[in-house]
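The next block holds one structure in the form of structure tokens; read it before the comments.
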Amino acid sequence: MTSDKKNIRIKIKGMTCATCAKTVEKSLANLNGVLKADVNLATETASVELMPGKVDLKTVKKAIQEAGYDVVFAHTTVKIGGMTCAMCVKTIENALKKLDGIIEVSVNLGTEKAHIVYNPEEVGPIDFKKAIESAGYKYLGTEEKPLEEEETRKKELKSRLIRIIIGFVFGILLMLMGYLKLTFPFEKSLLMLLVATPPFIYVSLPIFRAGFRALKNRTLNMDVMYSMGIGVAYISSLMGTFNLVLTRDFLFYDTALLLASFLSLGRFLEARAKGKTSEAIKKLIGLRPKTAHLLKIENLEIEVLHTKGCAYYIRALEELNKVLKTLGLDDKTVKIKEVKESEIENIIFPGSPTIWVNGRDLEGKQESFSGCRIYKWKDKYFEYPPEELILEKIIQFLSEEDVELEKVEPGDILFVKPGEKIPVDGTVLSGESYVDESMITGEPLPRLKKRGDKVIGGTLNKNGVLVFKAEKVGKDTLLSQIISLVEE
Numbered sequence: 001m002t003s004d005k006k007n008i009r010i011k012i013k014g015m016t017c018a019t020c021a022k023t024v025e026k027s028l029a030n031l032n033g034v035l036k037a038d039v040n041l042a043t044e045t046a047s048v049e050l051m052p053g054k055v056d057l058k059t060v061k062k063a064i065q066e067a068g069y070d071v072v073f074a075h076t077t078v079k080i081g082g083m084t085c086a087m088c089v090k091t092i093e094n095a096l097k098k099l100d101g102i103i104e105v106s107v108n109l110g111t112e113k114a115h116i117v118y119n120p121e122e123v124g125p126i127d128f129k130k131a132i133e134s135a136g137y138k139y140l141g142t143e144e145k146p147l148e149e150e151e152t153r154k155k156e157l158k159s160r161l162i163r164i165i166i167g168f169v170f171g172i173l174l175m176l177m178g179y180l181k182l183t184f185p186f187e188k189s190l191l192m193l194l195v196a197t198p199p200f201i202y203v204s205l206p207i208f209r210a211g212f213r214a215l216k217n218r219t220l221n222m223d224v225m226y227s228m229g230i231g232v233a234y235i236s237s238l239m240g241t242f243n244l245v246l247t248r249d250f251l252f253y254d255t256a257l258l259l260a261s262f263l264s265l266g267r268f269l270e271a272r273a274k275g276k277t278s279e280a281i282k283k284l285i286g287l288r289p290k291t292a293h294l295l296k297i298e299n300l301e302i303e304v305l306h307t308k309g310c311a312y313y314i315r316a317l318e319e320l321n322k323v324l325k326t327l328g329l330d331d332k333t334v335k336i337k338e339v340k341e342s343e344i345e346n347i348i349f350p351g352s353p354t355i356w357v358n359g360r361d362l363e364g365k366q367e368s369f370s371g372c373r374i375y376k377w378k379d380k381y382f383e384y385p386p387e388e389l390i391l392e393k394i395i396q397f398l399s400e401e402d403v404e405l406e407k408v409e410p411g412d413i414l415f416v417k418p419g420e421k422i423p424v425d426g427t428v429l430s431g432e433s434y435v436d437e438s439m440i441t442g443e444p445l446p447r448l449k450k451r452g453d454k455v456i457g458g459t460l461n462k463n464g465v466l467v468f469k470a471e472k473v474g475k476d477t478l479l480s481q482i483i484s485l486v487e488e
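Reminder that position 253 of the sequence shown reads as 253 in UniProt numbering, one-by-one numbering, no gaps.
Here it is, written out as structure tokens:
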């Protein structure tokens, strides 16, 4: 049954070739409860289909580590409000531990913070927020720390570059010592041994480790072949130096060291290429703004005033109901009031309904020839307030609040100022502006966005203020889907 299956993605470090990916796949596939495992070398991720009741994330991590590789997890600190005792700590820890992808949770009552170690491919701040709030506490945002993989990749690249430089410098030096007719105070082969051994061990150690790891996993791959090649070259040189079976004509110290250096260079270039893929993904992630401007619907009171037998009352109510549906409100927000003829003066015009919001009348224009109220909207005249006018006026009564992006939910009303990035995908409710979508669509010219048009998260608002309704957030946005496609 599909309900008994679960797909997870995991970041892995330490893979250098296709055989490494196959080794991890084999190790995962051998686990009881794993139905399918696919490893992507370019993005250094594993996609695992498993049965939750039989295998968990910690078991998967252990299998990867036993294969000679490691799993990359993210660390974050969540600020929490409302904790008062040790039981609160336990409650929050239990709520977070129930989430898929959580490795470790530690809640500190004194600092009112929770330190979480988690799998970023499976769970994130939005899930933390829901778990904490469902437990009855306040989620006050996160203090993100960079992923381990970023620091690890930089250290690995730097280490490999140093190995390459040392390997080539000493390899060329040994080559010159072998070919040039130079006189030394003692046997040249012994000098070459002393010069070659430290850099050879330093440069070739990662290659031998990879070869040993492959043998441990009962796999004969390229690492085993490389280890045998440079190992035989060094050992034969060692035997020649001490006249053990071979003579001093068999000195290949330079060959062993240069071969190890060229292999390290290949690994370095491959790692750098993978790093560029990761950088491209990070640039896409960087298109997302950190916060969003939220319009909060609080203490909103709407009145529909009309006289008995008002001709356009029903039509005005229909227009208002459209607005309420757009804003996610129900008709309980609306108070319908019938006004007597004696109360009409300065409040309502005969034959036309009036809508009040929080005690203030929507603006309308009175034409003297008709004696009834005329509403003007975009050079058009109506004898009832149109939907667009009602919506624009109600928006003016909404309070503003800046929230973290992960707090935005579908249905929220947001606004974006000129020069800011649109936080999530949605539909424009009010305003007009040109939006630069080149970073998503590649289209060079900005596009005019007005009521009813779709906007894409990560694109740049150019010149006007847009009010829009959030429709897709988090992993459902177009930008997040593009990132997933690049990773896959």
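Glycine residues also receive a C-beta, built at the ideal position from the N, C-alpha and C atoms.
Find out if the Cβ-Cβ distance for the pair residue 240, residue 189 is shorter than 8 Å. Numbered from 1 along the sequence shown, position 240 holds the residue referred to as residue 240. Numbered from 1 along the sequence shown, position 189 holds the residue referred to as residue 189. Against a cut-off of 8 Å, the Cβ pair of residue 189 and residue 240 comes out as a contact.
Considering only the beta carbon of each residue, do residue 428 and residue 447 sit closer than 8 Å? Locating residue 428 in the sequence shown gives position 428, where the first residue counts as 1. Locating residue 447 in the sequence shown gives position 447, where the first residue counts as 1. No. Outside cutoff.
Just reading off the beta strand (DSSP E) that residue 291 is part of, what are its end residues? Within the sequence shown, numbered from 1, the residue matching residue 291 stands at position 291. 291–296 is the extent of the beta strand (DSSP E) around residue 291.
If we require 4 or more residues per run, which alpha helix (DSSP H) segments fall completely within the stretch 405–449? Complete alpha helix (DSSP H) runs here, min 4: 438–441.
With burial defined as no fewer than 16 other Cβ atoms inside 10 Å of the residue's Cβ, what is the status of residue 458: buried or exposed? In the sequence shown, counting from the first residue as 1, residue 458 sits at position 458. When all chains shown are included, residue 458 counts as buried.
Using DSSP with H/G/I as helix, E/B as strand and the rest coil, what is residue 387? The count along the sequence shown starts at 1 and reaches residue 387 at position 387. For residue 387, the three-state secondary structure derived from DSSP is helix.
Opening and closing residue of the beta strand (DSSP E) in which residue 100 lies: As a first step, residue 100 is located in the sequence shown; it is residue number 100 there, counting from the start. That residue, residue 100, is in no beta strand (DSSP E); it is neither H nor E in DSSP.
Using three-state DSSP, classify residue 219 as helix, strand or coil. If you number the sequence shown from 1, residue 219 lands on position 219. Reduced to three states, the DSSP call for residue 219 is coil.
Beta carbon of residue 246, beta carbon of residue 236: below 8 Å? Locating residue 246 in the sequence shown gives position 246, where the first residue counts as 1. Locating residue 236 in the sequence shown gives position 236, where the first residue counts as 1. In this structure, residue 236 lies closer than 8 Å to residue 246 by Cβ.
C-alpha gap between residue 84 and residue 108, whole angstroms: As a first step, residue 84 is located in the sequence shown; it is residue number 84 there, counting from the start. As a first step, residue 108 is located in the sequence shown; it is residue number 108 there, counting from the start. Their Cα atoms are separated by approximately 11 Å.
Please list the terminal residues of the continuous beta strand (DSSP E) segment that includes residue 271. Locating residue 271 in the sequence shown gives position 271, counting from the first residue. No beta strand (DSSP E) holds residue 271; the alpha helix (DSSP H) holding it covers 253–285.
Can you tell me the Cα-Cα spacing of residue 499 and residue 437, whole angstroms? Given that the chain is displayed from residue 1 to residue 488, the structure contains no residue 499 and the question cannot be resolved.
Would you list the one or two residues that DSSP bridges to residue 213? On the sequence shown, residue 213 is found 213 positions in, with the first residue counted as 1. For residue 213, which the question treats as bridged, DSSP gives no partner whatsoever.
In the DSSP assignment, find the unbroken alpha helix (DSSP H) run with residue 321 in it and report its ends. The count along the sequence shown starts at 1 and reaches residue 321 at position 321. That run of the alpha helix (DSSP H) goes 313–327.
By the three-class DSSP mapping on this structure, what secondary structure does residue 42 have? The sequence position of residue 42 within the sequence shown is 42, counting from 1. Coil, per DSSP.
Helix, strand or coil at residue 451 [DSSP, three-state]: On the sequence shown, position 451 is the one that residue 451 refers to. Note: residue 451 maps to coil in three-state DSSP.
Straight-line gap, residue 13 to residue 270 (C-alpha atoms, nearest Å): Looking up residue 13 in the sequence shown gives position 13. Looking up residue 270 in the sequence shown gives position 270. Roughly 14 Å between the two C-alpha positions.
Within the same chain, show all residues whose beta-carbon is closer than 8 Å to that of residue 24, passing over the 5 residues directly before and after it, in chain order. Numbered from 1 along the sequence shown, position 24 holds the residue referred to as residue 24. Here residue 24 has 12, 15, 37, 39, 46, 64, 67, 69 as same chain residues with Cβ atoms under 8 Å from its own Cβ, once five neighbours each way along the sequence are excluded.
Which residues does DSSP pair with residue 303 in a beta bridge? In the sequence shown, counting from the first residue as 1, residue 303 sits at position 303. Answer by DSSP bridge pairing, in chain order: 335, 356.
Hey, would you say residue 467 sits closer than 8 Å to residue 413, going by beta carbons? What you label residue 467 is simply residue 467 of the sequence shown in a count that begins at 1. What you label residue 413 is simply residue 413 of the sequence shown in a count that begins at 1. Cβ distance < 8 Å, so residue 467 and residue 413 count as in contact.
Nearest to residue 273 by alpha carbon, out of 4, 9, 42? Locating residue 273 in the sequence shown gives position 273, counting from the first residue. Of all alpha-carbon atoms in 4, 9, 42, the one lying nearest the alpha-carbon of residue 273 is that of 42.
If you drop the 5 nearest sequence neighbours on each side, which residues of the same chain put their C-beta closer than 7 Å to that of residue 451? Residue 451 sits at position 451 when you count from the first residue of the sequence shown. For residue 451, same chain residues with a beta-carbon under 7 Å away, outside a window of 5 residues either side, are 388, 428, 429, 430 in chain order.
Residue 292 burial status per 10 Å Cβ neighbour count (16 or more: buried): The residue labelled residue 292 in the question sits at position 292 within the sequence shown. Residue 292 is buried by the Cβ-count criterion.
To which residues does DSSP link residue 74 through a beta bridge? Sequence index remark: in the sequence shown, residue 74 carries index 74 (1-based). According to DSSP, which records beta bridges pairwise, residue 74 is partnered with 118.
Taking the alpha-carbon positions, what's the residue 289 to residue 480 distance? Here the question's residue 289 lines up with position 289 in the sequence shown. Here the question's residue 480 lines up with position 480 in the sequence shown. The C-alpha of residue 289 lies about 13 Å from the C-alpha of residue 480.
Give the secondary structure of residue 486 by DSSP, where H, G and I count as helix, E and B as strand, and everything else as coil. If you number the sequence shown from 1, residue 486 lands on position 486. Taken through DSSP and simplified to helix, strand or coil, residue 486 comes out as helix.
So which of 207, 17, 408 has the shortest CA-CA distance to residue 469? By 1-based counting over the sequence shown, the position of residue 469 is 469. In this structure, 408 is the residue among 207, 17, 408 with its C-alpha nearest to the C-alpha of residue 469.
Measure the C-alpha to C-alpha separation of residue 61 and residue 286 and round it to an integer number of angstroms. Locating residue 61 in the sequence shown gives position 61, counting from the first residue. Locating residue 286 in the sequence shown gives position 286, counting from the first residue. One C-alpha to the other measures close to 29 Å.
Say whether the stretch 126–135 touches the stretch 157–172, bearing in mind that this needs 3 or more beta-carbon pairs closer than 8 Å, one atom from each stretch. Output reads no: the stretch 157–172 does not touch the stretch 126–135.
Which stretch, first to last residue, makes up the alpha helix (DSSP H) that contains residue 28? The residue given as residue 28 occupies position 28 in the sequence shown. DSSP places residue 28 inside the alpha helix (DSSP H), whose first and last residues are 18–29.
Beta carbon of residue 8, beta carbon of residue 35: below 8 Å? Residue mapping note: residue 8 aligns to position 8 of the sequence shown, counting from 1. Residue mapping note: residue 35 aligns to position 35 of the sequence shown, counting from 1. Not closer than 8 Å, so no.
How many Å lie between residue 455 and residue 382 at the Cα? Here residue 455 refers to the residue found at position 455 of the sequence shown. Here residue 382 refers to the residue found at position 382 of the sequence shown. For residue 455 and residue 382, the distance between alpha carbons rounds to 29 Å.
The beta strand (DSSP E) with residue 60 in it runs from where to where? The count along the sequence shown starts at 1 and reaches residue 60 at position 60. Where residue 60 is concerned, there is no enclosing beta strand (DSSP E), although the alpha helix (DSSP H) it sits in stretches over 57–66.
Quick one: measure Cβ to Cβ for residue 80 and residue 112, integer angstroms, because I've assumed they're closer than 8 Å. As a position in the sequence shown, residue 80 is number 80, starting the count at 1. As a position in the sequence shown, residue 112 is number 112, starting the count at 1. Rounded to the nearest angstrom, the Cβ distance from residue 80 to residue 112 is 5 Å, consistent with a contact under 8 Å.
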